[in-house]
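S.K.: This is the structure I have questions about; it appears just below.
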């Protein structure tokens, strides 16, 4: 029996070693359940792209079979190859929304986002949903554009943004709430200035993935919320996803052009 060999692709939003540790148990679980479902051996290999852009290209070109992306990367990959399909979306307490935060140093005198005029700001990756698009939309709504900031920079990973603000290198920065909590637990001196809604991550299939393989994967993912291994990836399992779930992200990406 030849079986099915799949390559799972993601990009290093955290340290690569942490990425492997995070995904490997879930991918083994997925392969085992899919083997039962398809009645043939399924193996899954992990491939980590260094940057968002490379990860997007790998899925669009079919170099990897399926991926876990942030919402903005999903919007980008659909522009490159509209044949990409949503397998499932991650669930946050049965919902498809969670928080991004703008943080400042614990001792900062800044009380609201409007106070950031003339000060510095750290964004994440240039293609990051929270680290760029949603944060810039939020700043624009508060009347702050790039011209109003003393300086701003794109630092890449969420943890680097929080650490830079904690070290006093930037007045404020945008990152996901879960990373913020981890950094505070580690003693990084930052506090939340503002928060905004984000959409949970989609798991995506390349245009080349056979329909029966996609269906088996979706079935396993949608019925797995009580599994401990799954909780490490998505606390409350998965939900069926639709392209329209990401309309608020498309809007933020368009509006951030004015930043």
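Residue numbers (the numbering used here): 125 to 383. Think of the CB as a built atom: it goes at the ideal place given N, C-alpha and C, for glycine as much as any other residue. Just so you know, these numbers come straight off a predicted model, no measurement behind them.
(1) Which of the three DSSP states, helix, strand or coil, is assigned to residue 343?
(2) Determine, using beta-carbon pairs with one atom in the stretch 234-251 and one in the stretch 267-276, whether at least three such pairs fall under 8 Å.
(3) Leaving out the 5 sequence neighbours to the left and right, which residues in its chain are closer than 7 Å to residue 202 when beta-carbon positions are compared?
(4) Under three-state DSSP, which class holds residue 269?
(5) Tell me where the alpha helix (DSSP H) around residue 140 begins and ends.
(6) Excluding five sequence neighbours on each side, which residues of the same chain lie with their C-beta closer than 6 Å to the C-beta of residue 290?
(7) For the stretch 301-353, which segments carrying the beta strand (DSSP E) assignment without a break, of at least 3 residues, lie completely within its bounds, in sequence order?
(8) May I ask which residues mark the beginning and end of the alpha helix (DSSP H) holding residue 170?
(9) For the beta strand (DSSP E) that contains residue 214, what are its first and last residues?
(10) Leaving out five residues before and five after residue 251 in sequence, what residues of the same chain have Cβ atoms less than 7 Å from its Cβ?
(11) If residue 225 and residue 299 are in contact, beta carbons under 8 Å, what's the gap, nearest whole angstrom?
(12) Spatial neighbours of residue 94 within its chain, please: C-beta separation below 7 Å, excluding the five flanking residues on both sides.
(13) Does DSSP put residue 196 in a helix, in a strand, or in coil?
(14) Run the CB neighbour count on residue 386, radius 10 Å, all protein chains shown included, and call it buried at 16 or more, exposed below.
(15) According to the Cβ coordinates, are residue 158 and residue 327 closer than 9 Å?
(16) In the DSSP assignment, the alpha helix (DSSP H) including residue 181 goes from what residue to what residue?
(17) Where DSSP assigns a beta bridge to residue 224, which residues make up the other side?
(18) Counting pairs of Cβ atoms below 8 Å between the stretch 163-171 and the stretch 128-137, do you hit three or more?
(19) Is the distance from the Cβ of residue 257 to the Cβ of residue 377 below 9 Å?
(20) Measuring only the C-alpha atoms, how far is residue 318 from residue 265?
(21) Taking the alpha-carbon positions, what's the residue 280 to residue 253 distance?
(22) From this set, 340, 363, 361, which residue's C-alpha is nearest residue 162's C-alpha?
(23) Give the DSSP-derived three-state secondary structure of residue 363 in the structure shown.
(24) Using the Cα positions of residue 301 and residue 223, report the straight-line distance between them to the nearest angstrom.
(25) Measuring only the C-alpha atoms, how far is residue 282 from residue 255?
(26) Is the CB-CB distance between residue 303 and residue 215 below 9 Å?
(27) Output needed for residue 141: all residues of its chain with C-beta closer than 6 Å, excluding positions within five of it in sequence on either side, in chain order.
M.R.: So, from the listed chains and residues:
(1) One-based indexing of the chain shown puts residue 343 at position 219. Looking at residue 343 - three-state DSSP - the assignment turns out to be helix.
(2) yes
(3) To locate residue 202, count along the chain shown from 1; it is residue 78. Around residue 202: 208.
(4) Position 145 of the chain shown, counting from 1, holds the residue named residue 269. It is coil, neither helix nor strand.
(5) On the chain shown, position 16 is the one that residue 140 refers to. Looking at the DSSP string, the run of the alpha helix (DSSP H) that includes residue 140 is 140-162.
(6) Within the chain shown, numbered from 1, the residue matching residue 290 stands at position 166. If we look at residue 290 and ignore the five residues flanking it on each side, its Cβ neighbours are 312, 313, 314.
(7) 314-323, 326-329
(8) Working through the chain shown from its first residue, we reach residue 170 at position 46. Looking at the DSSP string, residue 170 is not in any alpha helix (DSSP H); the run it does join, the beta strand (DSSP E), is 166-173.
(9) Here the question's residue 214 lines up with position 90 in the chain shown. Taken as a continuous stretch (DSSP letters only), the beta strand (DSSP E) holding residue 214 covers 209-214.
(10) In the chain shown, counting from the first residue as 1, residue 251 sits at position 127. Cβ neighbours of residue 251 beyond the five flanking positions: 176, 177, 196, 197, 200.
(11) Within the chain shown, numbered from 1, the residue matching residue 225 stands at position 101. Within the chain shown, numbered from 1, the residue matching residue 299 stands at position 175. That pair is a contact at about 6 Å.
(12) Residue 94 cannot be examined here, being either before or after the span of the chain that is shown, 125 to 383.
(13) Numbered from 1 along the chain shown, position 72 holds the residue referred to as residue 196. Three-state result, residue 196: helix.
(14) Only positions 125 to 383 of the chain appear in this structure, which leaves residue 386 out of reach.
(15) Mapped onto the chain shown, residue 158 falls at position 34. Mapped onto the chain shown, residue 327 falls at position 203. No, they are not a contact pair.
(16) Your numbering for residue 181 matches position 57 in the chain shown. Looking at the DSSP string, the run of the alpha helix (DSSP H) that includes residue 181 is 176-184.
(17) The residue you call residue 224 lines up with position 100 of the chain shown. According to DSSP, which records beta bridges pairwise, residue 224 is partnered with 300, 320.
(18) yes
(19) Within the chain shown, the letter at position 133 stands for residue 257. Within the chain shown, the letter at position 253 stands for residue 377. Going by C-beta atoms, residue 257 is nearer than 9 Å to residue 377.
(20) Translated into positions along the chain shown, residue 318 becomes position 194. Translated into positions along the chain shown, residue 265 becomes position 141. For residue 318 and residue 265, the distance between alpha carbons rounds to 13 Å.
(21) Within the chain shown, residue 280 is the residue found at index 156, counting from 1. Within the chain shown, residue 253 is the residue found at index 129, counting from 1. Using only the alpha carbons, I get a separation of about 12 Å.
(22) Working through the chain shown from its first residue, we reach residue 162 at position 38. Residue 162 has its Cα closest to that of 340, out of 340, 363, 361.
(23) Here the question's residue 363 lines up with position 239 in the chain shown. In this structure, residue 363 counts as strand in the three-state DSSP scheme.
(24) If you number the chain shown from 1, residue 301 lands on position 177. If you number the chain shown from 1, residue 223 lands on position 99. In a straight line, the C-alpha of residue 301 is about 6 Å away from that of residue 223.
(25) Taking the chain shown and counting its residues from 1, the one referred to as residue 282 is at position 158. Taking the chain shown and counting its residues from 1, the one referred to as residue 255 is at position 131. Cα to Cα, residue 282 sits roughly 7 Å from residue 255.
(26) Translated into the one-based positions of the chain shown, residue 303 becomes position 179. Translated into the one-based positions of the chain shown, residue 215 becomes position 91. Not closer than 9 Å, so no.
(27) In the chain shown, the residue the question calls residue 141 occupies position 17. If we look at residue 141 and ignore the five residues flanking it on each side, it has no Cβ neighbours.
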